[in-house]
Every structure is written in C-alpha cells, then in structure tokens.
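>
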Amino acid sequence: MVGPYILQDLVDDLPLGTPENPNIEITCLEFWQENLYVGTSTHELLHFVSIPATPTPSAAVEPQNPIYMLASRPQPPPTPATTATPPYIKKILILPTTSTALVLSSAGFLSFYTLPEFSPVSGAPKLKDVAFIGGQDLNEVEEERRAATEGRQVDVGRGKLIVVLAKGKLRMIRIGEVARLVKDIELKARAVEAVRRNMIACISTAENYALVDVDNIRQIPLFPISSIPASDPPRSTEPGPDTPQSLSQNSGSQVRTTSGSHPPRTSSLTPRERRNSSATASKESSPTVHSRSSSTGSVRGQTSRQSSRGKTTTSRAAKSTPKQTHLSPPSPTPSRPLSPFVGSQPSSPTARSETGHEAPSSSSKASSAASSSSPSPGSASPTKTTPTGSKSPAKTENMISKGPLMPHVASPSPSEFLLTTGTTWEDPGVGLFVNVEGDVTRGTISFGRYPDDVLVQGPWVIAVIAMQKWNMDDVEDDGSEERGLLEMGDNGYKLGLSEVIGLPGRVVGAAMAMLRLEALNLRHYPDPGSNESPELSRRNNEERIIAERISTVESSVVAFKGKRICALVESPLVLRLDSLLPTSKDGTPKTRIRKILKTLRKIDAIEPTTERGFHEVSYIRQKCGMLLLGELLRLETFERTDIQPDEIILSEEALIESAVDPRVVLAMFGGGFIEDIVLGKGGVWVYGGIKPVFGEIRAQLAGRQEGYQRDILLLLKRYLAVWRRKKGFGSIAEEKEVFATVDVALIRVLLMLDSPEYLLQKGFTMVSEGNVRGELYALVDQDVDEFEAISDLLRSFSRFYVLSILLQNRRMYREVLVTWKRILEEGDTAGEFEDGEEKVRNYLLKLKDRSLVEEFGKWLAARNPKLGTQVFSDDKAKAKFEPEKVLDILKEHAPTAVRIYVSQLVEKGNTKYVNDLILLHLDDLVKALGELPYASERLKDSYESYRALTSPKPTYREFIADNSLPLAGTDGAEDTLEASWWRNRLRFLELLSGESSYDVSKIFGSLVKFREVLVPEMVILYGKEGRHEDAIRLLTHGLKDFDTAINYCLFGGLSIFQTREIITNRDEQETLFAVLLGEFLKLEDYQERMEQTRSLLERFGGWVDITHVLQVVPDNWSVEMLSGFLMSSLRGLVKEKAEVSVMKSLRRSEIFRVEANYVARCDDIGPTIER
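Per the UniProt record's numbering, the very first residue in the sequence shown carries number 1; after that it's consecutive.
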C-alpha cells in the first residue's frame, strides 16, 4: 500500500566535502527560486544554482532532477575563539519580501545576507547569544500565500516582524531596509523555540511550554515537555549554544527553516463544524506504508493524519496484545483519544511555523488522526544526536541516552498550537492541541516513540522517529488510522526535516505513468513494433506534457541526510487508491470483487475540483471497472462462487460509470467482438495504467475456448445500451467510430443471446432479462451506423428477418422483398417470419413502385394465389393495375391464380368477368370429371344419399353444403385438383344461379355429356333457357328435392342456389305449379306420390285450378285424400263469391255517390243557354 507521502531524490550527493574534510553533512538548507542555500556541519554556507537537466521528450517517467552547481561560498557568521564543540550552521531564514536572509550559527551568532547572491549585508547588526530566529506571524504568511495564489500584491509595509530568542528575552525585531528592535519581553526561562499567531506566541524552554501575549506582555504557563521530573537538576537552566547539550536539545529545530511553498487545501468542514464536530464524525482511511528502502537501521519519517473527531486511535505498534517477535519492538502504551479541531479556521494556505511546522488551513480534510509513530528501523540512535570531540554533529560516539526531551511546537490552525510531550526518547510521545487561551482543545496524537522532529502539512502531521527494526507484516491494519512510513536508508547520518519556500513542483513518475494517455492496439496486443508516425509522435509528446503537468505535486518539505536531499511529496490520490486494488492472484474472485467495490465507494465520496483530481478519479474508476469485468469474464460459471446478483449489478454500474472506451471493453471480450471494433485515424487512447490491466486480462482469456456466461452477455448488452443513449452528446472522442462499434457489438450480443447456444441458459440467470428479441427488432429498426457490417453480421447468424427490418429502415424495398422471398423459399429456422406471405402481401399493398409490385406480386400469386391476387385486386393497393394486364401476367406466371383473381373481380361487382369466371370453373369441373374417376361416383352417391332421406329433409343445396369434403388448404398452390374440385363445383353452382348473363349455350354444350351427374347444374341451365318443365322434372325425379321444386314454382326460374326472392306474376306461378302437380303425380312410389301431392294441394292449392286438379288426379283416389284441398278450394270459392258480392255493392254505392255529386254540382253551376 502507498502511504500519504513519498520521498523523491533532489540531490543524491551534494558536493560539500573537501579533501581535508570529506565527512561534511547538511545541517540546514533553504530553496528560493533557482537557488539552494546550505548550511553545513563545518560552519560553512554554500550557495548552489540549479541547472535544468537535458529534456527527454519520450520519457514515460518524471523528468530528471536539475543539476546543482556551486555558485559561491558566502562568509559564514562569526564564531567565538574557543567553543566546546565545533560550530555549525543552525538555521537559514529567508525573507523574500525584504530580499533578506538571516543565518544563525550554533554558536549563537546571527548574520544578515542579501538575496539572491547571499552577500553579507554591510552595516547589519551582529547579534550574539541567539538561540532561535523565526516567529513570523503565520496568519500573515497565510495571507501572503493566498495573495500569491490569486495574483495579488501584498503591501509589506514597514518590513517583516520576526521573533528572536536571546539571553532570556523574546525580542520582536522588524526586518526592513534595516533591522529595528520593536519590543523586548523578559521570559522566566531561556526559550529555545517559538511559533506565533498574530500577537500570541507559543514558546518552549528546555523543560516547559508557555503562551506569550506579546501585545499585552502576558505569559500563560503550560505543561512540561517531559512528564518525568529530572532526577538531577540540569547543569544550566539556560544551556548555551556552545554546550554539548544545546545541540542535543535543538537538533530538531536546527534543521527547520522558514516558510515554504505548499499547495493550498480545501476543507470538508466549516469553522463552525470544526468547533462542533463530535467523536462520531465520519472516518476516511488511506494507505499506510510506502517504503523507499528497507535496509536495517534506517531512520523513517512517519506521517500521521490529523483528526477532526474525538475517536480514540491506536498506533500500529500499540495494539492491546501485539505479537512479539525478534523483529518486533516492545508494545508501547496506547495512544490518547483525539478530539475535534476548535476555533476559527479561515480558508487559507498552510502557514509555516518557525520550527518547521506548518498549520493546516481550513481546507484540511477531516480524518482520523494517526496514533503514535509505528516502529521503524532506526540507526539514528542516541549515540548520533550530538557531536563530540572533532567529529561532526551526526558522527558522535554512541551514547546511552539522548538527554532531555526536545520540545516541538507547531500551529495546525489559526487558533491552535500542537505541542509534544513524553517521558523518555524510547517511550511513546504524545501531541497535544491547545488553543490561544492555553486549554486543550481536542484529542491527542500518539507516536510510537518520542519524535526527533515534527512538522504539520495540511491535514498531515509528519514526525521523525528513530526506532529498531520492525516487521510490517506482523502488524494488523484495523483501518482506524491513516498513516504511512518512509525511510531514507542507513548511511550513518542523522535525518533532518526542513520546510522550504521555493521548492519547485515535483513530478510523480508513478502517477505520470498511470495518467498519461497512450495508444492501445486492440487488434494485436502487445503493440507490434516501435515505429511511430510523425502524427503519433506528436500526440505522444503532447500527452507526455499533459501527464507531466497533472502529475506535478507541490511540496515544501525536504528531508536530508548527510549529503542527500529528498523532497517529501504528498502521494497523489491515484497512487494511494491504486494500491488498494487487488491483483488477479489475491484471494478469491468474490473477495477481489468486494475489495474493488469498496474502493469504488471511496471514489464516490470524492468530488474532484482540479484537473489532476478529475484524471485520478477517472483512472481509478476505469481500472476498477476493467478489473471487475475481468473477474467476471474469467469465471466459467457463477455457481459456487457466492457472488450475489447485486454485486453483478454494481459491477455493471461501475463499468458504465468508468466511461472507459467501449471498444476497449469489447476487445477484452475478444472473439467476434474484435471484428466489430471501428478505429479512427487516431486509434484508441487509454491511461497508461490501464494498458497492463488490459494486457493481463486478454492474456488470461486468450486460450479459453468456452463461450460466455449469459449473465455476462446480458451485462454487456446493458452496458452497450447505456452507451448508445449517449449518441449525439458531442463530448465523446471519435464519436462516429465509437457509436458505430457500439451498434454492431450490441446487435451481436442480442443475436448471441437469441441463439440456440445461449437460449439454453435462459431463465437461469442471476439478473433478470427483458425481451431480447424485441430489443433486437427495436434496435435495427432505428438509425444504426455501419450498415454493411450489421448486414453481414445478420447474414452470418442467418437472421434474415431481422435483416429485412434493417433494410426497411433504410427504405431498401427491393432488398426487403428479396430477403423475405429467401426466407419463404429456404425456410424460417428462427421462427420469426410467421404469416410471412401475408406480410409480403401487406408490404406490396403499400408500395407505389409498379414494377416492384408486379415482380413480387406474380411470385406471390404463383406461391399463394389467394394472397398474391389480392396485391392486384385490393382497393387499398397504392399501385393500380388494369384487370386485363393482371390477367395476362397471371396467365403467364401464375395460371392457378387466374380463377381466383377473376373471382375477386366478380365479387366486387365487375360482372364483365362473370362469364370468364364461369368458364374457368367449368374447365376445372370438366377436367375433374374427366381425370378423376371417383368424381362422378361421388356426385351420384350424393344424389342417392339425398334421395334416400325421408321427409322432412333439407334442400339439396343445404345437404351438399353440409356434406362437403374437408378443406385441404386455401385457394393456393397447395390445392390439388383432387382436393379442390368439390369446393370449386359449389362456387360454380353459385355463379350459374346468379343474375349475371353468361353464354348458357356454350356451358350447356360442355355439360351435356355429364348431365346425369350434374343434375343441379342442368336445373339451373334449364331455368336460364326457360325449360321449366325439364328443370322441375329433374328436381322432382332426379333429386327428389321437393321443397326446392316448390320454391322454383313460387319464384319462377330461381335456381336452387339463389338466395334472393324474386316475385313472379300469378299466372306464371299457376303454370309452374300445374307442371309440378303433374310431376308429383308421376312419382313411382305410390305413398310418396300421395304424400307430396296432398301436401302440395293443401299448401298451395290456391295456385292450382280445382277443375284441373280433378281432371288429373286418379279416379281411385278417395275424396278424403283430397279433403283438405277441396275444403280449402270450396272455402276459397265461397270467399271469392262473397268478396265479389261485397265488391259489387261497394261499386254500386260508389256510383250513387258520384251521381249525387254530379247533380249537386250541376245545380251549383246552373243552366247554360246556348244560342
């Protein structure tokens, strides 16, 4: 895991030594602009100038460090004639606003220099017995940094006000054109360190802390540095700068410098929220360790996160029951509880304390504070804290103890100070937060051992702790603290920290490699060859510049050891989050998926506000999405994996939100999806950290022969569907190529899901699915890109009906019909083209292209005459044809459809074609009777069966309709003569009995030879020719259809298949009934003859003359048999006579009335005389 900070080498071996004294080390330093000012253990000042390294445009890592060339050796401060220990440069204080630098010697001398050449200021005062310099108002420093960030000028006024601790006094000195003493404040003890906020200064002596109100000259004593009272009184209450103890006590402060450049932060809590925050505030975890070196005996710098809540935290080495090994240190005491920040924290950049501590602005993130420093290797033993004899400060002999604890003061906020306290150097130390009133404001920060140095950087507390070897793997991480351990290796020198003001931004190579966009070859991985086109070379250089910019991190803290200088750079978020993600070998698929989802939940809480933040979040989201997809793709089955449906949904959402190019996702699936990828000229560009993930997954899946899980295909379907909805947004690079790929791939997924191979898994998926086939139809019915590719894809899956939908959308009418014709002729294996012929008919009815309708209409008519002819005869058809032309077309290409088409014309009232239709049916009937031997027998059998029925019985028309042969098919090509002749005969009878005129003689001539088997037809023809006697005779004797014979007499020549009633005149009816009576009397069966005659006379005796009846009825028939007829006839005669009598009376009355009216009228007119 990557910790909160990382170390980057600035100078690996700064040229400090001389042949006479090679063992020279850095004791303090400062960066400003392009200058490096170094103080050494031999009391020398060195001025270096940086020279940029040769640029390497093609490099994928951070640029090379600049080269530092020695520019000058400024005159160091004076030294006493004799000192107990060799003097060294204790501190360099840079004041850029006044172009002044102050240099403090360990001997207590303070000198002034000009910037940037670092020449001594002539006439400047030479101060002696100085223990500390600094104490700038951190509020003022913060305001200056805000102004610099915003591009504003700050009025320095009369100069910079600093604090000088000397001779038991706190001296306020204003540095301007000259140094001027402003105020002297007497202290109760000699102070060695001070940090100031406005007019409140927090100072430390060798034993205690105190607050000083420099305005009202009021002191507030605080707690002691060590909680163990000294067994022996100290040698001196005010240790001098030249004593051995002074270096031991101030070794931490000697390496601290003044204000430095540090990037501003924003806070997640307002000042009010910080004051009111409780112990239950939310917690954010971070990586714990990033180690540059693991050599035994090294000194590690530990970073601890400040807390904004009161939750008690414990160090890694302070577990309740730590496991002790030969590499583990003794268990330190538990850390003390933390409490929230208090006091007002205006939004501002971090401010630098004079001890090298930096206060976090109100932008500091609220997080759990780190506990005491974790054990780490430590060769910086107590033997190397002070110089002895002729050795340098870092090369002293081993000692049993470092001496008294060294005070550390920092200011994390405008209203707080952070102070350290402890017992001994080997025991845990504690950091306490106090406000300007001297009250403890919140919980504590605990350290594994008392720190050598402490700095505050934004929300982080950085401590230097010297400890023994510690096995990191033996310590559990409960996630309750955020911490990280750094180490610089053991080179025999003491580790120092310094906050500087002019350190340029540092490029983090690992972040740059992750965030740099690189071309990804999706078809052949890894990339073949290294030849780059000029365009690709230009793009790579642009991406390198961009990646270098967004991977640059501002830093203001350096660590130095001997001649080596490193920048302490806050780890980019992308490195910390990336280290949380598992590899393919960690745990099980379930644990890896859950770990990735946990990281994504952390990302969800981050709202990026900078360009780098946006790319960091985007990269982690993309990597998480691809890792999740890789885990699911590697699974051959979801059974026994304990993966839940909601985790699949979350993985899908992660892949969608990652915004990774869908072409990359499809390339991970491999197979046919590779062919669907459409690439532009620029190719596909992804973050550099994505390429190895992609390559690893593709390599793992390369040899896999099995198909995909249906759940995975459904996930891909939903993913591509979401991407497709983004079409037209305009914010997607290579939009045309991306969405062309999405369209083709989405159709491929739907085709696979609807294929027999994957339909077996339908209904057993972990996530419910919709109507896949319906989605496929809806998709191809829309405007899709890559028409040719999609067409080929559909053909490869033999999904021709879906292809026809695509063609319809493009209005490619001919291609649609060709495709449908292919489906009907080759078979519909997918079962999609139900009622296909009807669909073809309906489609043709909507077309206006006459040639197209004619071409496929005649094909359909040959295949299905009934539907095919409707294309030409339907009134809704947009393409109109003359019947004559249609008949010509059908006679040539679909002869079987001619009769159906003519029938359709006749049904629409076009009587012109009745004769043609009758002749067509006649031809079919004659052909059937001639070719089918059983046809005549079938007809004769029907007559015999009907005649055998006893009265009452249905008419022959009803009988044959009820006893027709079952339909073998429609009027289509499937109909054979054997299957359709009976049905055609019924239609023929209907046509013959119609009112339309036709060539009776021609038809009669064709049917003469079949008159014995075509009795109904002959009845109709006899009626048409007026041969009623013959018709009635056939009905009576040939069919014995007596009811139809009676109807024939009532309605004249109406045929047995005519349903309309046509009233004829009375005389004709009487004539026909007389004929019928004669036929009834000729019936062979006596009983039948009597019954039918008596029934006829009783029911229709009024139409028969009684005299005629008496003449034709046999004499042997009794009167009783005709009683009904006779009674009705006589009643009729009586009735008729009565009616005649009444009518005569009425006529007579009417004559009388008319004559009376005539006489009255003549009277009215009067006589007329004619001359």
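Note that CB positions come from ideal geometry on N, CA and C, so glycine has one too.
Quantities reported herein were computed from a predicted structural model and do not represent experimental measurements.
Give me, in chain order, the residues of the same chain whose beta-carbon lies closer than 6 Å to that of I918; leave out the 5 immediate sequence neighbours on both sides.
Closer than 6 Å at Cβ, skipping near neighbours: L991, Y998.
> Taking E837 as the reference, give the member of L713, L867, S658 with the closest Cα.
Checking every option, the nearest Cα to that of E837 belongs to L867.
> Do V557 and L568 have their CB atoms nearer than 8 Å?
The answer is yes: Cβ separation under 8 Å.
> Smallest Cα separation from S796: which of I747, D184, R549, A201?
The residue with the shortest Cα to Cα distance from S796 is I747.
> Classify L759 as buried or exposed, calling it buried when 16 or more other Cβ atoms lie within 10 Å of its own Cβ.
Exposed, by the Cβ-count rule.
> Can you tell me whether R483 is helix, strand or coil according to DSSP?
Of the three classes helix, strand and coil, the one that applies to R483 here is strand, per DSSP.
> Mapping the DSSP letters down to three states, classify A1156 as helix, strand or coil.
Reduced to three states, the DSSP call for A1156 is helix.
> Within its chain, find whatever has a CB closer than 6 Å to the CB of V154; leave out the 5 residues flanking it on each side and keep chain order.
Around V154: E144, A147.
> Say whether the segment 882 to 900 touches the segment 853 to 862, bearing in mind that this needs 3 or more beta-carbon pairs closer than 8 Å, one atom from each stretch.
Because the criterion of three Cβ pairs below 8 Å is met, the segment 882 to 900 and the segment 853 to 862 touch.
> Could you tell me the alpha carbon to alpha carbon distance between T869 and G831, rounded to whole angstroms?
About 26 Å.
> Any chance the CB of V744 is under 7 Å from a heavy atom of the ligand PLP?
Absence of the ligand PLP is noted for the structure shown, with no ligands found whatsoever.
> Got a sec, what are the start and stop residues for the alpha helix (DSSP H) F872 sits in?
Here the alpha helix (DSSP H) through F872 covers 865 to 873.
> Just to confirm my understanding: we take A1045, look at its own chain, exclude 5 residues before and 5 after, and list those with CB closer than 7 Å. What are they?
I1032, L1035, T1036, L1076, listed in sequence order.
> Under three-state DSSP, which class holds W1117?
Of the three classes helix, strand and coil, the one that applies to W1117 here is coil, per DSSP.
> If you scan the segment 550 to 592 from start to end, which runs of the alpha helix (DSSP H) of 4 or more residues do you find wholly inside it?
If we require 4 residues or more, the alpha helix (DSSP H) runs fully inside the segment 550 to 592 come out as 573 to 578.
> Counting C-beta neighbours from all protein chains within 10 Å, is the total for Y956 16 or more, i.e. buried, or is it exposed?
Classification of Y956: buried, given that the 10 Å Cβ count is 16 or more.
> List the whole-angstrom C-beta distance separating V40 from I26, where the pair is believed to meet the contact cut-off of C-beta under 8 Å.
First, the amino acid is wrong: residue 40 is Thr here, not Val. Sure, about 6 Å apart at Cβ, within 8 Å.
> What number of angstroms, rounded off, separates the C-alpha of A961 from the C-alpha of F1010?
Distance between the alpha carbons of A961 and F1010 is about 21 Å.
> For G683, which residues of its own chain have a beta-carbon under 6 Å away from its beta-carbon, when the five flanking residues on both sides are left out?
Cβ within range, chain order: A519.
> How close, in whole Å, do the beta carbons of K160 and R174 come, if the pair is a contact with beta carbons under 8 Å?
Confirmed, Cβ separation roughly 7 Å.
> Express the C-alpha separation of I1003 and L887 in angstroms, rounding to a whole number.
Cα-Cα distance, rounded: 22 Å.
> Could you say if the segment 615 to 623 and the segment 633 to 648 meet the contact criterion of at least three C-beta pairs nearer than 8 Å?
Contact fails: fewer than three Cβ-Cβ distances are below 8 Å.
> Keeping to the same chain, check which residues put their C-beta closer than 7 Å to that of R799; ignore five residues upstream and five downstream.
If we look at R799 and ignore the five residues flanking it on each side, its Cβ neighbours are L751, A830.
> Per DSSP, what are the beta-bridge partners of G422 in this structure?
G422 is bridged to S226.
> Considering only C-alpha positions, which residue in the set R814, S111, I593, I220 is nearest to I648?
Measuring from the Cα of I648, the nearest candidate turns out to be I593.
> Pick out whichever of S731, A740, D711 has its Cα sitting closest to the Cα of E769.
E769 has its Cα closest to that of D711, out of S731, A740, D711.
> Decide if T1107 is buried, meaning its Cβ has at least 16 other Cβ atoms within 10 Å, or exposed.
So T1107 ends up on the exposed side.
> Should K1040 go down as buried or exposed, given a rule of 16 or more other Cβ atoms within 10 Å for buried?
With 16 or more other Cβ atoms within 10 Å, it is buried.
> For the putative contact between T98 and G157, defined by C-beta atoms under 8 Å, what is the C-beta separation to the nearest angstrom?
Actually they are not in contact, since the Cβ atoms of T98 and G157 sit about 11 Å apart, beyond 8 Å.
> Relative to the C-alpha of P15, which residue among E34, L46, L29 is closest?
Checking every option, the nearest Cα to that of P15 belongs to L46.
> Determine, using beta-carbon pairs with one atom in the segment 777 to 785 and one in the segment 812 to 831, whether at least three such pairs fall under 8 Å.
No contact exists between the segment 777 to 785 and the segment 812 to 831.
> Counting along the chain, where does the beta strand (DSSP E) carrying V195 start and finish?
Note, V195: beta strand (DSSP E), 191 to 197.
> Look at M1143 and M1121 and say whether their C-beta atoms are less than 8 Å apart.
No. Outside cutoff.
> Buried or exposed, going by whether 16 or more other CB atoms sit within 10 Å of the CB of D12?
Its Cβ having fewer than 16 others within 10 Å, D12 is exposed.
> Spell out the partners DSSP gives P120 in its beta bridges.
Answer by DSSP bridge pairing, in chain order: Y113.
> Quick one: give me the first and last residue of the alpha helix (DSSP H) that V617 is part of.
Looking at the DSSP string, the run of the alpha helix (DSSP H) that includes V617 is 611 to 634.
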